[in-house]
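Enquirer: Residue numbers -19 to -1, 1 to 164, in mature numbering (1 follows the signal peptide of the UniProt record, and there is no 0), belong to the letters of the sequence shown in order.
Where is the CB? At the ideal position from N, CA and C, for every residue including glycine.
Before I ask anything, here is the structure I am working with.
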Amino acid sequence: MLRWTRILMAALFATFIFAQGEAKALDPENTLYLDLKDGRVVIELRPDLAPTHVARIKELTRQGFYNGVVFHRVIDGFMAQTGDPTGTGTGGSGKKLKAEFSGEPHVRGTLSMARTPDPDSADSQFFICFAPAPFLDKQYTVWGKVVEGMEFVDKIKKGSQSRNGQVSDPDKIVKMQVAADAK
């Protein structure tokens, strides 16, 4: 009898785990594919946290804005920043976004908007956290998280610590697309 109880419990547990995976299927309209030289990064967008930012990121992505844009600032153990078409860290799309700060923590794989000291200055630049960065919490707009391919983010060429992460001959975004539009 004990043997059958264990088998039944194992079967129920397996069913529960399988059902959890099914429930967590990503919405293609709220998923990005970020193709890097080493592989594809899958990003889950969080419109529940930052609807305006997610809408703008998707708009820019669909325009091809991010394709070929470099990671101009990459600090080992902290983050990789991109989204400036000039590659200098001072450019953007020309459309500022009002802050959408939340309680979502900056952990490994978090995507968040870069900005100036003005909270409402985010534009097109964003960063991906390599590690937890709690000092950024509730001060930067979190809009997504890496759900697959973080090992490729880890391979992005790092910048010089003495130059605040500025990268010589930086890696770039090969292609970024909304999963619903992927070819």
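Thinking residue 50 and residue 153 are a contact (beta carbons under 8 angstroms), I'd like their distance in whole angstroms, please.
Expert: 6 angstroms
Enquirer: Restricting to Cα atoms, I'd like to know which of 143, 139, 157 is closest to residue 62.
Expert: Ranking the options by Cα distance to residue 62, first place goes to 139.
Enquirer: I need the straight-line Cα distance from residue 77 to residue 104, nearest angstrom please.
Expert: 5 angstroms
Enquirer: Who are the near neighbours of residue 155 in its chain, counting only those whose CB is closer than 8 angstroms to its CB and skipping five residues on each side?
Expert: 16, 17, 18, 48, 49
Enquirer: The beta strand (DSSP E) spanning residue 56 covers which residue range?
Expert: Per DSSP, residue 56 belongs to the beta strand (DSSP E) from 54 to 56.
Enquirer: With distance defined between alpha-carbon atoms, name the residue in 164, 147, 112 nearest to residue 126.
Expert: 112
Enquirer: Drop a sphere of 10 angstroms on the beta-carbon of residue 116, count the other beta-carbons inside from all chains shown, and report buried for 16 or more, exposed for fewer.
Expert: exposed
Enquirer: Ends of the beta strand (DSSP E) at residue 36?
Expert: From DSSP, residue 36 is part of no beta strand (DSSP E) but of the alpha helix (DSSP H) over 32 to 43.
Enquirer: From which residue to which residue does the alpha helix (DSSP H) around residue 132 run?
Expert: 131 to 134
Enquirer: Looking at residue 37 and residue 123, is the spacing between their C-beta atoms short of 8 angstroms?
Expert: no
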